[in-house]
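Numbering (the working numbering), first residue to last: 168 to 642.
A short write-up of the structure that comes next.
Below, the structure written as structure tokens:
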């Protein structure tokens with residue numbers, strides 16, 4: 168699979184966190200929390216792991232606000248509390264709200280089938296997919312991003328164009344038989360919203376959520392008008408080289424891409440969690456998330472949260488219902504730094520010692536390989552790669568390292584890393600696909616073809632392997 172940085176990390180994330188604490192949790196003095204949070208944040212800044220914005224609120228009012236680092240390193244424009252950040256998969260909450268609003272209005276039912284509103288899918292099993300399954304990532308649709316997507320012109324990244332792309336994709340499993348995070352599913356929900364409402368997705372979100380909530384610093388379309396307020400995202404590859412993410416940031420769609428401020432998102436999620444303006448009481452009843460949320464009000468120190476991100480962007484929001492405390496961290500640096508800082512501040516609020524910052528898993532893995540070799544990396548892989556988002560497949564770690572080496576023309580090193588990945592994750596088709604690409608670049612077509620075939624034995628629908636087998640067998 169080519170260009171992994173512009174592929175898998177575009178898979179945004181949604182996280183629910185539950186942090187138990189023993190005894191009666193009491194809120195520390197605001198000044199004490201702020202001082203300790205500032206010290207923790209500085210540790211991340213000292214390692215060049217964080218730039219962004221942090222809010223800590225009691226009720227609806229922040230008692231700690233801080234903006235750190237640069238929104239644009241080239242122009243040295245600083246982050247401020249008014250800087251706009253890409254909120255990643257927090258978009259999906261807006262899409263969820265819109266779907267439930269249409270259900271409340273009697274225009275849609277959760278057990279309606281997707282194909283009642285959107286048709287033309289290649290996989291016949293799509294006829295079984297319901298709106299409810301799309302909401303809960305149980306449809307069988309997974310990911311639509313691919314290396315060529317980020318090279319495509321803007322007209323191929325519209326909602327309609329992405330739906331056309333998804334129409335050609337096979338389902339990963341029969342609808343309702345599994346669960347896998349799905350950006351594609353939320354794009355399709357956006358198409359359903361358009362079909363039912365008769366409005367463009369962005370217009371519907373603006374009219375029914377953004378404007379009524381007075382989210383004056385939240386932008387769901389026409390982002391060029393506010394580019395001078397947006398934070399550019401930055402990330403380091405496994406070799407430690409710094410990049411910005413402007414190449415693969417997308418226009419807003421139902422699965423991600425809105426811009427907002429930390430203050431707007433705090434207001435939005437307080438209304439979503441605790442009020443009925445965005446979700447009716449009837450629609451919340453029976454919803455697994457709200458069933459989980461309700462008892463937390465009586466459980467001291469336990470928290471829930473939302474997060475979103477991709478390379479160079481990470482947003483996190485934690486609520487502690489028993490204390491009526493919220494933590495918002497927006498970062499224009501690589502995930503999961505916002506979540507890590509928010510977790511650390513949560514520990515501070517509970518009177519605990521936060522975990523110190525750690526180097527990202529991909530950098531740890533490369534450093535171990537560079538200093539000690541592949542056998543050492545094999546033996547210590549688990550302990551070296553703890554700082555990696557738990558929702559992302561762990562075979563991605565060495566896949567990233569391998570491609571960084573391959574793009575640096577260190578082909579033998581890339582082969583060594585990809586080979587180790589096949590040994591650590593022998594049932595993952597993409598590990599063989601990546602190793603095949605490295606051998607092909609080295610000039611060994613026979614070995615590459617054998618590995619591509621091995622990938623297809625595991626996943627017959629892996630498009631990159633299928634394409635390469637067809638090409639190599641013709642020559």
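Ideal placement from N, C-alpha and C gives every residue a C-beta, glycine not left out.
Everything numeric in this text was worked out from a predicted model, so none of it was measured.
Check                                                                                                    : Outcome
Sub-9 Å separation of residue 500 and residue 439 beta-carbons                                           : no
Nearest candidate by alpha-carbon position, reference residue 421, set 295, 377, 357                     : 357
Integer Cβ distance of residue 636 from residue 623, believed to fall under 8 Å                          : 6 Å
Inter-stretch contact at 8 Å, needing at least 3 Cβ pairs: the region 533 to 548 / the region 584 to 594 : yes
Stretch pair the region 363 to 371 + the region 210 to 226: three plus CB contacts closer than 8 Å       : no
Per-residue burial, residue 426 [other beta carbons within 10 Å of its own, 16 or more giving buried]    : buried
Close Cβ partners of residue 348 (< 6 Å) along its chain, the five nearest in sequence each way excluded : 304
Straight-line gap, residue 442 to residue 316 (C-alpha atoms, nearest Å)                                 : 38 Å
Cβ shell of residue 270 (< 7 Å), same chain only, five flanking positions each side left out             : 276, 277, 450
Option in 297, 229, 253 with minimal Cα separation from residue 280                                      : 297
Pairwise C-alpha distance: residue 477 and residue 558                                                   : 12 Å
Cβ separation of residue 410 and residue 352, assumed to be a contact under 8 Å, to the nearest whole Å  : In fact, because the Cβ distance is near 29 Å, the residues do not count as touching under 8 Å.
Cβ contact (3+ pairs, closer than 8 Å) linking the region 569 to 583 and the region 598 to 611           : yes
Residue(s) in a DSSP beta bridge with residue 244                                                        : 239
Test item: CB-CB of residue 469 and residue 495 under 9 Å                                                : no
Rounded distance between the beta-carbons of residue 302 and residue 266, thought under 8 Å              : 7 Å
CA-to-CA distance, residue 639 to residue 287, given in whole angstroms                                  : 31 Å
Local Cβ density within 10 Å of residue 200, reported as buried at 16 or more and exposed below that     : buried
Inter-stretch contact at 8 Å, needing at least 3 Cβ pairs: the region 230 to 249 / the region 386 to 399 : yes
Three-state secondary structure (DSSP) of residue 404                                                    : coil
Uninterrupted beta strand (DSSP E) stretches inside the region 335 to 420 (no shorter than 3 residues)   : 401 to 403, 409 to 411
Reduced DSSP category for residue 291 - H, G, I as helix; E, B as strand; rest coil                      : helix
For residue 597, the nearest candidate out of 628, 204, 610 (CA to CA)                                   : 628
Cβ shell of residue 404 (< 6 Å), same chain only, five flanking positions each side left out             : 571
Residue nearest to residue 511 in terms of C-alpha spacing, selected from 485, 490, 355                  : 485
Residue from 212, 475, 491 with nearest C-alpha to residue 424                                           : 475
Residue 611 versus 630, 578, 626, residue with shortest Cα-Cα distance                                   : 578
Status (buried if at least 16 other CB within 10 Å, exposed otherwise) for residue 259                   : buried
Cβ pair residue 250, residue 385 closer than 9 Å                                                         : no
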